[in-house]
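Chemist: Attaching a single structure in structure tokens format; questions to follow.
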Amino acid sequence: MGKKSNPAEIPRHVAIIMDGNGRWASQHHLPRLSGHEAGRKSVKAVAQAAIDHGVRYLTLYAFSVENWQRPRDEVQGLMGLLRGVIREELNEMGKEGIRLRTIGRRQDLPEAVREELEGAIERTKANTRLDLILALSYGSRVEITEAMQAMGREIKAGKLDPEKITEETVSAHLYTEGIPDPDLLIRTSGEMRISNFMLWQISYAEIYVTPVLWPDFGKDEFAKALADYAGRDRRFGGI
């Protein structure tokens with residue numbers, strides 16, 4: 040028999056595909072950017088809920104490599120919103136013990152956004168209550184491709200024996216080096232797809248899909264997801 044999860048068990052790492060901002064805006068007869076702005080309160084609420092429940096790592100899929108294809112005005116608005124949120128919430132992150140981190144192609148971001156991010160990452164690096172990881176200009180296939188390229192360069196330079204490549208070797212070349220794999224993946228808005236998110240890392244994650252749109256996803260919805268997770272029988276391929 041597989042080991043039953045204790046009802047009090049909390050996932051160490053929760054990853055969230057934040058979906059539904061556009062639909063929320065449409066339902067409220069507002070422009071799409073208003074949906075993204077409304078989703079900001081959910082980010083804050085969920086980060087606080089993660090701390091309250093004892094979650095150690097929280098990864099939020101904030102902007103994918105595919106999102107650069109969206110209308111220019113929307114992309115610019117999102118980048119401006121991101122920069123503003125980081126600046127406005129930096130002191131609060133310090134008070135709450137939140138360490139800000141990113142995964143993805145940070146070099147793709149506008150310089151002003153990148154500088155804001157890097158400053159916040161530096162200022163919060165000693166915080167230990169919650170690692171808040173923003174996936175920005177992130178795509179899992181790009182991540183894995185870049186990891187393969189890096190290992191190829193090491194093999195060519197004689198620094199890596201291809202016969203000794205293990206799963207740990209691959210993990211060490213991903214953006215998430217040093218971060219434990221997610222135990223729980225949450226997707227809002229009811230869509231049943233992974234959307235090129237952490238394909239390597241979520242191989243044994245429990246998946247929780249809710250029809251709730253991201254701007255309506257708060258601490259109570261987060262608690263529901265954790266309760267569902269606590270009732271799962273995690274076997275990791277065993278019996």
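Numbering of the sequence shown is given in my numbering, commencing with residue 40 and proceeding in unit increments.
Glycine is no exception: its CB is placed at the ideal position from the N, C-alpha and C atoms.
Between which residues of its own chain and LEU117 is the CB-CB distance below 7 Å, once the five residues before and five after are set aside?
Modeler: Looking up residue 117 in the sequence shown gives position 78. Excluding positions up to five away in sequence, the list reads HIS75 and PHE102.
Chemist: Pick from TYR177, VAL82 and ARG126: whose alpha carbon is nearest that of PHE236?
Modeler: Translated into positions along the sequence shown, residue 236 becomes position 197. Cα-wise, what sits closest to PHE236 is TYR177.
Chemist: Under the three-state reduction of DSSP, which class applies to TYR243: helix, strand or coil?
Modeler: Start at 1 with the first residue of the sequence shown, and residue 243 comes out as number 204. Reduced to three states, the DSSP call for TYR243 is coil.
Chemist: With a threshold of 6 Å on Cβ separation, who are the neighbours of SER44 within its own chain once the five nearest residues in sequence on each side are excluded?
Modeler: Along the sequence shown, read from residue 1 onward, the residue named residue 44 stands at position 5. Any reading at SER44 is ruled out, since the residue's pLDDT is 38, under 50, leaving its predicted position unreliable.
Chemist: Can you list, in chain order, the residues of its chain whose CB lies under 7 Å from that of LYS42, leaving out five sequence neighbours each side?
Modeler: Your numbering for residue 42 matches position 3 in the sequence shown. Unreliable positioning characterises LYS42 in this predicted model, as indicated by a pLDDT of 41, which lies under 50. The coordinate reading is nonetheless provided below. Same-chain partners within the cutoff: there are none.
Chemist: Quick one: what's got a C-beta closer than 7 Å to SER81's C-beta in the same chain, skipping five residues either side?
Modeler: Within the sequence shown, residue 81 is the residue found at index 42, counting from 1. Closer than 7 Å at the Cβ level, and outside the excluded window around SER81, lie TRP253, PRO254, PHE256 and GLY257.
Chemist: Please name the residue in GLU206, LEU265, ASP259 and GLY119 whose C-alpha comes closest to that of SER242.
Modeler: As a first step, residue 242 is located in the sequence shown; it is residue number 203 there, counting from the start. Looking at the Cα atoms, GLU206 is the closest of the given residues.
Chemist: Looking at the structure shown, is VAL85 part of a helix, part of a strand, or coil, going by DSSP?
Modeler: For this step, residue 85 is matched to residue 46 along the sequence shown. It is helical.
Chemist: Using a Cβ cut-off of 9 Å (strictly closer), state whether ARG138 contacts chain B.
Modeler: Protein chains in the displayed structure number just one, and chain B is not present.
Chemist: Quick check on DSSP: helix, strand or coil for THR249?
Modeler: Start at 1 with the first residue of the sequence shown, and residue 249 comes out as number 210. Note: THR249 maps to coil in three-state DSSP.
Chemist: Check each candidate in PRO219, ARG273 and MET231 and name the one with the smallest Cα separation from HIS52.
Modeler: Taking the first residue of the sequence shown as 1, we reach residue 52 at position 13. Taking only the C-alpha atoms, the option nearest HIS52 is PRO219.
Chemist: With a 10 Å radius around its C-beta and 16 neighbouring C-beta atoms as the bar for buried, classify ILE56 as buried or exposed.
Modeler: Counted from its first residue, the sequence shown places residue 56 at position 17. ILE56 comes out buried.
Chemist: With a Cβ-Cβ cutoff of 9 Å, do ALA24 and LEU223 count as a contact?
Modeler: Residue numbering for the chain in the displayed model covers 40 to 278; residue 24 lies beyond these limits and cannot be assessed.
Chemist: Following the continuous alpha helix (DSSP H) through PHE256, name the residue where it begins and the one where it ends.
Modeler: One-based indexing of the sequence shown puts residue 256 at position 217. It is not in any alpha helix (DSSP H) - PHE256 carries neither H nor E in the DSSP assignment.
Chemist: Between the beta-carbon of ILE90 and the beta-carbon of LEU199, is there less than 9 Å?
Modeler: Here residue 90 refers to the residue found at position 51 of the sequence shown. Here residue 199 refers to the residue found at position 160 of the sequence shown. Not in contact: ILE90 and LEU199 (Cβ atoms no closer than 9 Å).
Chemist: If you drop the 5 nearest sequence neighbours on each side, which residues of the same chain put their C-beta closer than 7 Å to that of ILE125?
Modeler: Locating residue 125 in the sequence shown gives position 86, counting from the first residue. Closer than 7 Å at Cβ, skipping near neighbours: GLU155, LEU156 and ALA159.
Chemist: Could you tell me the boundaries of the beta strand (DSSP E) in which SER170 lies?
Modeler: Taking the sequence shown and counting its residues from 1, the one referred to as residue 170 is at position 131. One point to set straight first is that residue 170 is Asp, not Ser, in the sequence displayed. From DSSP, the beta strand (DSSP E) with ASP170 extends over 169-177.
Chemist: In angstroms with no decimal places, state the Cα-to-Cα distance between GLN115 and GLY197.
Modeler: Residue mapping note: residue 115 aligns to position 76 of the sequence shown, counting from 1. Residue mapping note: residue 197 aligns to position 158 of the sequence shown, counting from 1. When rounded, the distance between both Cα atoms is 43 Å.
Chemist: Quick one: grab the DSSP three-state call for HIS52.
Modeler: As a first step, residue 52 is located in the sequence shown; it is residue number 13 there, counting from the start. It is a strand residue.
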